[in-house]
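Report on one structure; see the data block that follows.
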Amino acid sequence: MGSADNYSGLVGMVVRGEADVVLASLSISKGRFRDIDFSSYVELFAWQIYIRYSAIQFDIGWGTYVLSFDVSIWVGTVGLLAVTTLALWLIHRSKRHVPWDMVSLPDIFFMLFSCIVQQGVPSMPATYLGRVVFWLFCFSCVILYTSYTALLTSYLTVSTKTPPFTTFNAAVASHPTWQIGIMRGTPLLQFLMEAKGGDYAVLSTRLKDHPHLTVSTEEEGVARLLTENYAFLTTNQLMTYMYRKNCSVKQIDINLFPSYGHMGYAKNLPFAGILDMEISRLTDGGVLDRLERRWWGRKIPCEDPEPFTHLDFTHTVTAFLILLIGFILASFFLIIEKVYKKCLRNRKKFFVTPEQPKAPHSKKQQYGATQSANTIPSSARSRILTPLDPLPHFSENEVENYCKPPHIRK
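And the structure:
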């Protein structure tokens, strides 16, 4: 088997002697360098992954309201709350006749926190300096609300592209859901075998063990990626030219194996030096760049079919989840507070002893006590209760006699 049997397309034609020059951009590999010659570079290209555009999802996800909190908003909220709490505490701790909730550090913290979450404040600072600080705090809260609302609006109204993968490693790991294929006759398989890295070795082994993943032409590769979960790994210059106006094909920018492109010559071509001199003159004069813009045209990105999303339950469910979490936490703390207060009351009731009757101090109190004792009938006096005695039973005559004035009692 000769070297010509290892190539297909334009390179195979030059190796077999059917052509002398390859008017295309080729990358240099060890096998190609042994069989053909190369000109000076004509462009810089890289290997990219191409998938069908319909595989890209346009959704916001379940964390819209949470993701809208940027790192700067989190830091600003926590810093504003801490600084204002400390400032109000330092202002009121040295003042007299200040309510206790304006001196207690936890009370000040929860007052400002309730203001941030727009629940109102139970009281206002007592001093003018404290009110100025509180006014600045409220003004800063308005700025935080504005920043958060702007981010939230952008999340809710602008579509977010979510491709199945964005890196080469993720594309290799997506197997078997997604299969990566290449075109036969390209040096990409050799590049993968020589590259250092586990993902390169995995993909090269997979391509050798499954020949059906390789295609003969770009057209065949595009036809497969449009009809199945097939990721076509090829160079960007040909795909960009052939499908520059086809929005059904999406390029995943991985920039794999960037290299210079060269024209191919037959071995020991007599006029190769003249061609190299002319190519260098065109490159240095900017002629090749102008020709590329004329032939390839300007890169106009494909517009999204729906740049604005329609709000549904999946976009707003996070708000209900936050309310549900708040309700669960509030119920939990309410139960804990009720149980704690009940245990505290039971503990106080267990340690409190019965109150003993106090002895009269003054003579007037002693006389009143003696007079009260003399007015009690002898039958009822023996029934004076103690805290542990059961309730006595008086007859109707005793109750009626006791209710009469002392001078007519029997």
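Residue 78 in full-length UniProt numbering sits at position 78 of the sequence shown; the count goes up by one each step and never skips.
All C-beta atoms, glycine included, are put in the ideal place defined by N, C-alpha and C.
Please read these numbers as outputs of a predicted model, since none were measured by experiment.
Residue ranges of each beta strand (DSSP E) run of no fewer than 3 residues wholly in the stretch 122-199, ordered along the chain? 179-181
Hey, residue 185 and residue 12 are a contact pair by Cβ (cut 8 Å); roughly how many whole angstroms apart? 7 Å
Going by the CB atoms, is the gap between residue 191 and residue 254 shorter than 7 Å? no
Is the CB-CB distance between residue 416 and residue 231 below 7 Å? No information on residue 416 is available, as it lies outside the stretch 1 to 410 that the chain covers here.
How would you write the range of the beta strand (DSSP E) that residue 423 sits in, first residue to last? As shown, the chain starts at 1 and ends at 410. That puts residue 423 outside it, with no answer to give.
Quick check: the Cα distance between residue 187 and residue 285, rounded to an integer number of angstroms? 30 Å
Residue 243 by DSSP, collapsed to three states: which one? coil
Residue 125: buried (16+ other C-beta within 10 angstroms of its C-beta) or exposed? buried
With distances taken between CB atoms, is the gap from residue 144 to residue 77 smaller than 7 Å? yes
I'd like to confirm the pairing. Which residues does DSSP put opposite residue 250 in its beta bridges? 51
Whole-angstrom Cβ separation of residue 43 and residue 237, contact assumed at under 8 Å? 7 Å
Check for me: the beta strand (DSSP E) holding residue 427 runs from which residue to which? Outside the displayed range of the chain (1 to 410) lies residue 427, so it cannot be described from this structure.
Apart from the five residues just before and just after residue 249, which ones in its own chain have a Cβ nearer than 6 Å to its Cβ? 50 and 243
Just verifying my parser: in three-state terms, what is the DSSP assignment at residue 269? coil
With a floor of 4 residues, list each alpha helix (DSSP H) that falls wholly inside the stretch 87-126, ordered by position along the chain. 105-116
For residue 321, which three-state DSSP category applies? helix
What separation, rounded to the nearest whole angstrom, lies between the Cα atoms of residue 40 and residue 153? 52 Å
Between residue 130 and the rest of its own chain, which residues show a CB-CB distance below 8 Å, the 5 nearest in sequence each way excluded? 88, 91, 92 and 102
To the nearest angstrom, report how far apart residue 132 and residue 139 are at their CA atoms. 11 Å
For residue 212, the three-state DSSP class (helix, strand or coil): helix
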